[in-house]
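A.B. asks: Please read through the structure below; I'll follow up with questions.
Protein chains: 4
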Amino acid sequence: MSTGRMEAFSDGVIAILITVMVLELPKPHGVTWSALDDSYPVLLAYVLSFIYLGIYWNNHHHMLQATHRVSGGILWGNLHLLFWLSLVPFTTSWLGENELSTVTAAAYGINLLAAAVAFFVLQRLIIRDQGEGSVLRLAVGRDLKGKASPILYVTGIGLSFVTPVLGVALYVVVALIWLVPDRRLERTLAVTGS
Amino acid sequence: MSTGRMEAFSDGVIAILITVMVLELPKPHGVTWSALDDSYPVLLAYVLSFIYLGIYWNNHHHMLQATHRVSGGILWGNLHLLFWLSLVPFTTSWLGENELSTVTAAAYGINLLAAAVAFFVLQRLIIRDQGEGSVLRLAVGRDLKGKASPILYVTGIGLSFVTPVLGVALYVVVALIWLVPDRRLERTLAVTGS
Amino acid sequence: MSTGRMEAFSDGVIAILITVMVLELPKPHGVTWSALDDSYPVLLAYVLSFIYLGIYWNNHHHMLQATHRVSGGILWGNLHLLFWLSLVPFTTSWLGENELSTVTAAAYGINLLAAAVAFFVLQRLIIRDQGEGSVLRLAVGRDLKGKASPILYVTGIGLSFVTPVLGVALYVVVALIWLVPDRRLERTLAVTGS
Amino acid sequence: MSTGRMEAFSDGVIAILITVMVLELPKPHGVTWSALDDSYPVLLAYVLSFIYLGIYWNNHHHMLQATHRVSGGILWGNLHLLFWLSLVPFTTSWLGENELSTVTAAAYGINLLAAAVAFFVLQRLIIRDQGEGSVLRLAVGRDLKGKASPILYVTGIGLSFVTPVLGVALYVVVALIWLVPDRRLERTLAVTGS
Chain P
929 MSTGRMEAFS DGVIAILITV MVLELPKPHG VTWSALDDSY PVLLAYVLSF IYLGIYWNNH
989 HHMLQATHRV SGGILWGNLH LLFWLSLVPF TTSWLGENEL STVTAAAYGI NLLAAAVAFF
1049 VLQRLIIRDQ GEGSVLRLAV GRDLKGKASP ILYVTGIGLS FVTPVLGVAL YVVVALIWLV
1109 PDRRLERTLA VTGS
Chain L
929 MSTGRMEAFS DGVIAILITV MVLELPKPHG VTWSALDDSY PVLLAYVLSF IYLGIYWNNH
989 HHMLQATHRV SGGILWGNLH LLFWLSLVPF TTSWLGENEL STVTAAAYGI NLLAAAVAFF
1049 VLQRLIIRDQ GEGSVLRLAV GRDLKGKASP ILYVTGIGLS FVTPVLGVAL YVVVALIWLV
1109 PDRRLERTLA VTGS
Chain E
929 MSTGRMEAFS DGVIAILITV MVLELPKPHG VTWSALDDSY PVLLAYVLSF IYLGIYWNNH
989 HHMLQATHRV SGGILWGNLH LLFWLSLVPF TTSWLGENEL STVTAAAYGI NLLAAAVAFF
1049 VLQRLIIRDQ GEGSVLRLAV GRDLKGKASP ILYVTGIGLS FVTPVLGVAL YVVVALIWLV
1109 PDRRLERTLA VTGS
Chain U
929 MSTGRMEAFS DGVIAILITV MVLELPKPHG VTWSALDDSY PVLLAYVLSF IYLGIYWNNH
989 HHMLQATHRV SGGILWGNLH LLFWLSLVPF TTSWLGENEL STVTAAAYGI NLLAAAVAFF
1049 VLQRLIIRDQ GEGSVLRLAV GRDLKGKASP ILYVTGIGLS FVTPVLGVAL YVVVALIWLV
1109 PDRRLERTLA VTGS
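Protein chains in written order, with my numbering: chain P, 929 to 1122; chain L, 929 to 1122; chain E, 929 to 1122; chain U, 929 to 1122.
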């Protein structure tokens, strides 16, 4: 079985998530600039989630470039990832539509953590399916970002119980790490010995 | 006429259903963990429906792998299946957003039953269209799961009138039967003489 | 420019319309069968529109099979068709969520009429673009259904001002005309001299 | 990396935006023609945004025809464009669901301006990636429309502070400029020396 249809299906789901999320922005009441005041925090939360979904689409795209056949287990591993991604609009609106709080910041981080774990599991499923000399294993390399992200999410969740804004700040940092072009960062991390 | 566009259209519809369904989760009021209390039962119902839609996408995918041309009848058989699947978010939210009751559990089962019948009809349409030596007939084999599912749904609908939770439990069982890798189960069923 | 991306875009829009429409069904209040009473008329209206969108997807599919290149005019003719189709959920819910009335039955018919005209215009644009020996002109033939439909819609709109239920009944008849396999109907119409 | 999946993803997002936007039309209360009175201004705003999204889809389509490989920067440039497009339904409903005002007309124009800038940035990213003898640079030519649009949007935003209706009128003019077939306009502009 080829990867074409799984790719198309995943693209469809992520395209819907990324779009509908922004459509859920609360409508401003009134026609003054200050009517947007309620929209700003939600908008910021949505920008962060938009970038996260963009990163997942991007990484998913790259992962499937190194994948040439799909087993039943991989199909379900992919649906598992899509499930956690599909909860992102839910945790995003909870985060954005209320005062920043421990619970909503932690819930958002738990969602990110679950998606990262699901992505890692999917990657392992594909590598195991490819067996000896897996192309994906080569492409992934030491996967420093992939291994660091869950640790940073867990730290962010912990920080949310101290100061929610620090937890969210750490989620922003993880997003920036993924946005920075790949090779340079890996070299930097390698040099700093991490 | 080739199967490409029918496949793409079905993928689109199922991707939208599976995504929008999760977007419909009721937003929690307040920023405590207990604010999620109202979301849990709905979330559970959505997880079940997410898995069902995943199973349908998966099976649809496999069925079309053994299909090479599409007639007008097959196009409409496919739309008929998509119609019943498109009602799943409706029966899911009815099931999840109320106390578990006979009517909502039975309605959910009737929806699953109608989708299963529609899938079976579509399969027959393709096999009839392929005529002698149908590839799909070979691929389907004795189709134990396909034949057992409607019986289990009917039983589940019946149980809903006694104890709704048993009806829903049976729907969960059917989902698990489909999730278990194919060959092993068929052998098991063959050995136990069913 | 090839037809591939226009086809994919149209499929996407129609898939979203056909799905979201059913998602808009009003949620039943309570857990008795009679809680569905408010949903039935809407559900019936949605079934009709689901079939209409299915017919358009089907016909669009066939039309593009006989089309091999796309000009700027054709792209806009296609968007024009999609615009009228995208209003179908709007007129459908207006029709279904109120008592059957002259205005809602006529508005629904006007929407169907505009979509039929847009489809006809798109067909002409493609035929003109193909020039002498147009494949689509041959495929379309005398286009009895295409020519009869607008007349029937206008009649339906007129009937809505007398008895709304007759207007809607005529829209159902047009849908059935399109559902009936093509060749047989055309022969019948040819024999009866229409 | 080929452009196929980026194209499909963008098509998906634009198809969802263009469709869901029309689905957001406020439902009429009552079954008289005057019940539509509240819908007209929103409908007009939606028609304008539908045309704008159609223009972007069209131009995006053409741009990618002259693009043969995709870098990480181009993927993010594309997501950046999609982000601004995804805000269009938000500014559209703010524009249409209230009395025409300075703030809503300016906000709509700012959204259009940001999308135009994002499109321009994406175009530059692709041209830079193609290096010497860029196909896209040739296809774009002097890009009179692309360069005139932002100036007209800024003018429109300015006019909104004087007479909102003039600002919106200018946005309509820009849409018409893009709708008019390409070559003739460019020649006209060349002759008039702009």
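Each residue gets a CB set at the ideal place from its N, CA and C atoms; glycine is no exception. Here the structure is a predicted model, which is why all the values come from computation and not from measurement.
Cβ closer than 9 Å: which chain L residues qualify as neighbours of Glu1027(P)?
C.D. replies: Val959
A.B. asks: Comparing alpha-carbon positions, which option in Val941(U), Ser967(U) and Tyr980(U) lies nearest Val1100(U)?
C.D. replies: Tyr980(U)
A.B. asks: With a threshold of 16 other CB atoms inside 10 Å of the CB of Ile1085(P), please say whether the residue is buried or exposed.
C.D. replies: buried
A.B. asks: Provide the residue span of the alpha helix (DSSP H) that contains Gly1074(L), from first to last.
C.D. replies: Leu1072 to Val1090
A.B. asks: Cα-Cα, which of Glu1060(L), Ser962(L) and Tyr984(L) is closest to Asn1006(L)?
C.D. replies: Tyr984(L)
A.B. asks: Measuring only the C-alpha atoms, how far is Leu1113(L) from Asn986(L)?
C.D. replies: The pLDDT assigned to Leu1113(L) is 46, lower than 50, so where the model puts this residue is not dependable, and the model offers no usable value.
A.B. asks: Near Ala1034(L), what residues of its chain come up, given a Cβ to Cβ distance below 6 Å and the 5 sequence neighbours on each side ignored?
C.D. replies: Ile1085 and Ser1088.
A.B. asks: By alpha-carbon positions, which one of Ser1014(U), Thr947(U) and Leu1003(U) ends up nearest to Tyr974(P)?
C.D. replies: Ser1014(U)
A.B. asks: Looking only at its chain, what residues have a beta carbon closer than 7 Å to the beta carbon of His957(E), apart from the 5 residues adjacent to it on each side?
C.D. replies: Ala963
A.B. asks: Taking only three categories from DSSP, how would you classify Pro954(E)?
C.D. replies: coil
A.B. asks: When you compare the CB of Gly982(U) with every CB in chain P, is at least one pair closer than 8 Å?
C.D. replies: no
A.B. asks: Within the same chain, show all residues whose beta-carbon is closer than 6 Å to that of Val948(E), passing over the 5 residues directly before and after it, in chain order.
C.D. replies: Excluding residues within five positions, none has a Cβ falling inside 6 Å.
A.B. asks: With C-beta atoms as the reference, is His995(P) less than 8 Å away from Thr931(P)?
C.D. replies: The question names His, but residue 995(P) is Thr in the sequence shown. Yes, these two residues count as a Cβ contact at 8 Å.
A.B. asks: What residues in its chain sit with their C-beta under 8 Å from that of Leu972(L), if we drop five residues either side in the sequence?
C.D. replies: Gly1024
A.B. asks: Please report the distance separating the alpha-carbon of Phe1047(L) from that of Ala1067(U).
C.D. replies: 48 Å
A.B. asks: Flag this pair as yes or no: are the beta carbons of Ile1105(E) and Lys1073(E) separated by less than 8 Å?
C.D. replies: yes
A.B. asks: Since Asn1006(E) meets chain L, which of its residues come closer than 7 Å, beta carbon to beta carbon?
C.D. replies: Result: empty, since nearest Cβ-Cβ is about 15 Å, beyond 7 Å.
A.B. asks: Do Ile946(P) and Val941(U) have their C-beta atoms within less than 8 Å of each other?
C.D. replies: yes
A.B. asks: Are the C-beta of Pro1017(L) and some C-beta of chain C separated by less than 8 Å?
C.D. replies: Absent from the structure: chain C. Protein chains present are P, L, E and U.
A.B. asks: Is the beta carbon of Leu1094(E) less than 8 Å from the beta carbon of Phe1018(L)?
C.D. replies: no
A.B. asks: Quick check: is the beta carbon of Thr947(L) nearer than 8 Å to any beta carbon in chain P?
C.D. replies: With 8 Å as the cut-off, Thr947(L) counts as an interface residue toward chain P.
A.B. asks: Quick check on the DSSP output: the alpha helix (DSSP H) that includes Thr960(L) runs from which residue to which?
C.D. replies: Element bounds for Thr960(L): n/a, residue is neither H nor E.
A.B. asks: Under 8 Å Cβ-Cβ, which residues of chain L neighbour Phe978(P)?
C.D. replies: Per Cβ cutoff of 8 Å: no residues; Phe978(P) is ~15 Å from chain L at best.
A.B. asks: Figure out for me which residue from Ser1029(L), Gly1001(L) and Val1082(L) has the closest Cα to the Cα of Gln1051(L).
C.D. replies: With distances taken between Cα atoms, Gln1051(L) lies closest to Gly1001(L).
A.B. asks: Would Gly940(U) pass as an interface residue toward chain E - the criterion being a Cβ-Cβ separation below 8 Å?
C.D. replies: yes
A.B. asks: Helix or strand or just coil, what does DSSP make of Arg1052(L)?
C.D. replies: Helix, per DSSP.
A.B. asks: Pick out whichever of Thr1032(P), Asp1057(P) and Gln1058(P) has its Cα sitting closest to the Cα of Val959(L).
C.D. replies: Thr1032(P)
A.B. asks: Counting contacts by CB-CB distance shorter than 8 Å, is Phe937(E) in contact with chain U?
C.D. replies: It does; some Cβ of chain U falls within 8 Å.
A.B. asks: Between Ser1122(E) and chain L, is any beta-carbon pair separated by less than 8 Å?
C.D. replies: Summary for Ser1122(E): the model assigns pLDDT 45, below 50, so the residue's position carries little reliability; its value from the coordinates is reported in the next sentence. Not closer than 8 Å to any Cβ of chain L, the Cβ of Ser1122(E) fails to qualify, so no.
A.B. asks: DSSP three-state call for Ala936(P): helix, strand or coil?
C.D. replies: helix
A.B. asks: For Phe1011(E), go through chain U and note every residue whose CB falls closer than 7 Å to its CB, in chain order.
C.D. replies: Phe978
A.B. asks: Flag this pair as yes or no: are the beta carbons of Met991(P) and Leu1064(P) separated by less than 8 Å?
C.D. replies: Cβ atoms of Met991(P) and Leu1064(P): closer than 8 Å.
A.B. asks: Please state whether DSSP places Ser1122(L) in a helix, a strand or coil.
C.D. replies: Unreliable placement is indicated for Ser1122(L), whose pLDDT of 44 sits below 50; no coordinate value is reported for it.
A.B. asks: For a cutoff of 8 Å on Cβ pairs, would you count Pro986(E) as touching chain L?
C.D. replies: For the record, residue 986(E) in the displayed sequence is Asn; it is not Pro. Chain L, which has a Cβ nearer than 8 Å to the Cβ of Asn986(E), makes this yes.
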